[in-house]
Amino acid sequence: MSTPKEEDLEEYYETLNLGKLAVGNRLLPVTPYLPSNKLTYCSKCYILGHTALNCNSHHPKCRVCLGEFTNNHRNECEGQFKCAQCGGNHFSLDGNCPMVQKYRQELNKEVKQAIRNSDLNYNTHLEQIKQIKKSNEYQYDVNAFPPLIKMDRNIENRWNTQKTDSNNITSKNEVADVLKEINKNLEMMNKKLDIQKRTIGRNEGNIRLNKLVTSELLTTMANLVGDVVLPLLKLVTKDEAVMIKKTEGYAKRFISMEENLRLNYKLDIDTVTDETNYINSPSLSETVKVNPNPVTTSSVMVVDDEIETAEKTNT
24 MSTPKEEDLE EYYETLNLGK LAVGNRLLPV TPYLPSNKLT YCSKCYILGH TALNCNSHHP
84 KCRVCLGEFT NNHRNECEGQ FKCAQCGGNH FSLDGNCPMV QKYRQELNKE VKQAIRNSDL
144 NYNTHLEQIK QIKKSNEYQY DVNAFPPLIK MDRNIENRWN TQKTDSNNIT SKNEVADVLK
204 EINKNLEMMN KKLDIQKRTI GRNEGNIRLN KLVTSELLTT MANLVGDVVL PLLKLVTKDE
264 AVMIKKTEGY AKRFISMEEN LRLNYKLDID TVTDETNYIN SPSLSETVKV NPNPVTTSSV
324 MVVDDEIETA EKTNT
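Mapping of the sequence shown onto the numbering used here: residues 24 to 338, in sequence order.
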């Protein structure tokens, strides 16, 4: 059985003196644990009051029938219990036996009386631990450890030098690996930027072309309304004034939409041109360290040529 520590015993007695213990935000009452007093009995004859070392019986007895326990007794035993205290039909150490109960009561009275007379004290164990701890405390003595004589030895330690060189080689290899990884990541970023620049150029040309086609469509519709629909209405409709007024209103809407579209188209061209110049600027290229070979923009130039041709045709 392990010996309890002094701190554990002190905490135990402090809790007992307090009488309460906090468990789950609740104060619960605490009472000391008093183990039951152990009965002294003989494992040879099963009679209370002595042990097998002080037993007068020459042979061990069966714990069931109290017969002499021999090698062949297991085959001879009938399995009928017999008490060694009172002779009753039960186990010799049964707690319901009146002789066992009487012996336990007398034992408890003797233990309580010994505690009252200070012949038996539960705190003696704590005092013994304190004395042992005090006797084992270390007392530092300066004279017990005299200073050692210093000796100057100029010995070159070659092992440390080799270890330092190997560490430097290892660190250089690690730095080289990191640089390779960084260069690889930069190459991937440059490729992604090139792809994005090509995609932006294609999208820019498509947007310009779509706006130009839409503008031409609105212009064509306005001309259709003015040149075809209005003359037909004058020939067919009786209430030509009302219909002509409505048709002219639609034509003005088409013309207004076409003018707004052209104005926005001009602003978008200026904005996209500024953004493209910024992307292709030397400062950004030096910062990102992209591939020095410029990206071809043939598709964008083709679209620009088509736009200029269409504008000349309209004018």
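Glycine included, C-beta positions come from ideal geometry on N, C-alpha and C.
Query raised in the report: Going along the chain, which residues of its own chain have a beta-carbon closer than 8 Å to the beta-carbon of V123, five neighbours each way excluded?
Result: Answer for V123: L62, L71, Q108, L116 and D117, listed in chain order.
Report task. Determine, using beta carbons only, whether F104 and F92 come nearer to each other than 7 Å. Result -> No. Outside cutoff.
Report task. Tell me whether E23 sits in a helix, a strand or coil according to DSSP, three-state version. Result -> Residue 23 lies beyond the stretch modelled for the chain, which goes from 24 to 338, so this question has no answer here.
Query raised in the report: For S238, which residues of its own chain have a beta-carbon under 6 Å away from its beta-carbon, when the five flanking residues on both sides are left out?
Result: In the same chain as S238, and ignoring 5 residues on each side of it, the C-beta atoms closer than 6 Å to its own belong to E281, L284 and R285, in chain order.
**Report entry** Sequence-distant residues of the same chain with beta carbon closer than 8 Å to N60, five excluded per side
**Finding:** So the list reads R127, L130, N131 and V134, once near-sequence residues are dropped.
Query raised in the report: If we count Cβ pairs, one from each stretch, closer than 8 Å, do we get three or more for the stretch 49-56 versus the stretch 68-82?
Result: No, the stretch 49-56 is not in contact with the stretch 68-82.
Query raised in the report: Shortest alpha-carbon distance to K269 belongs to which of L39, N213 and L253?
Result: Comparing Cα positions, the closest option is L253.
Query - Rounded C-alpha distance that separates K84 from E101 - result: Going by the C-alpha atoms only, they are around 14 Å apart.
Query raised in the report: Is the Cβ-Cβ distance between A264 and A245 less than 7 Å?
Result: Contact flag unset, no.
**Report entry** CB contact flag (L32, T38, <7 Å)
**Finding:** No, the Cβ-Cβ distance between L32 and T38 is not below 7 Å.
Query raised in the report: Exposed or buried, what is V201 when buried is set at 16 or more other beta-carbons lying within 10 Å of its beta-carbon?
Result: Around the C-beta of V201, fewer than 16 other C-beta atoms lie within 10 Å, and the residue is accordingly described as exposed.
Query raised in the report: Quick one, are the C-beta atoms of Q88 and T74 less than 7 Å apart?
Result: For clarity, residue 88 is Cys in the given sequence; the question names Gln instead. No. Outside cutoff.
Query raised in the report: So, is E34 buried or exposed, given that buried needs 16 or more other C-beta atoms within 10 angstroms?
Result: Within a 10 Å sphere around the beta-carbon of E34 sit fewer than 16 other beta-carbons, which makes this residue exposed.
Requested in this report: Check the DSSP bridge columns for A45 and list the partner residues they point to.
Outcome: Beta-bridge pairing by DSSP links A45 to L50.
Query raised in the report: Taking the DSSP output, what are the residues bridged to K125?
Result: DSSP, once it has assigned bridges, lists no residue as partnering K125.
Query raised in the report: Going by the CB atoms, is the gap between F277 and L240 shorter than 7 Å?
Result: Taking 7 Å as the Cβ cut-off, L240 and F277 do not qualify as a contacting pair.
Query raised in the report: Could you check where the alpha helix (DSSP H) with R86 kicks off and where it finishes?
Result: Element bounds for R86: n/a, residue is neither H nor E.
Report task. Thinking H96 and G90 are a contact (beta carbons under 8 Å), I'd like their distance in whole angstroms, please. Result -> Under the criterion of beta carbons closer than 8 Å, H96 and G90 qualify as touching, at roughly 7 Å.
**Report entry** Extent of the continuous alpha helix (DSSP H) to which H96 belongs
**Finding:** Looking at the DSSP string, the run of the alpha helix (DSSP H) that includes H96 is H96 to E99.
**Report entry** Local Cβ density within 10 Å of R139, reported as buried at 16 or more and exposed below that
**Finding:** Exposed, since its Cβ has fewer than 16 Cβ neighbours within 10 Å.
Query - Buried or exposed (CB count within 10 angstroms, at least 16 for buried), E99 - result: So E99 counts as exposed.
Requested in this report: Could you check if R231 is buried or exposed, using at least 16 other CB atoms within 10 Å of its CB as the buried criterion?
Outcome: The residue is buried, with at least 16 neighbouring Cβ atoms inside 10 Å.
Query raised in the report: Enumerated in chain order, which unbroken segments of the beta strand (DSSP E) with a length of 3 residues or greater are wholly contained in the stretch 50-78?
Result: As far as the stretch 50-78 is concerned, its whole beta strand (DSSP E) runs of at least 3 residues are 50-52.
Requested in this report: Alpha carbon to alpha carbon, how far is M211 from R221? Give it in angstroms, no decimals.
Outcome: Rounded to whole angstroms, R221 to M211 spans 16 Å at the Cα level.
**Report entry** Length of the line joining the Cα atoms of G249 and L258
**Finding:** Rounded to whole angstroms, G249 to L258 spans 14 Å at the Cα level.
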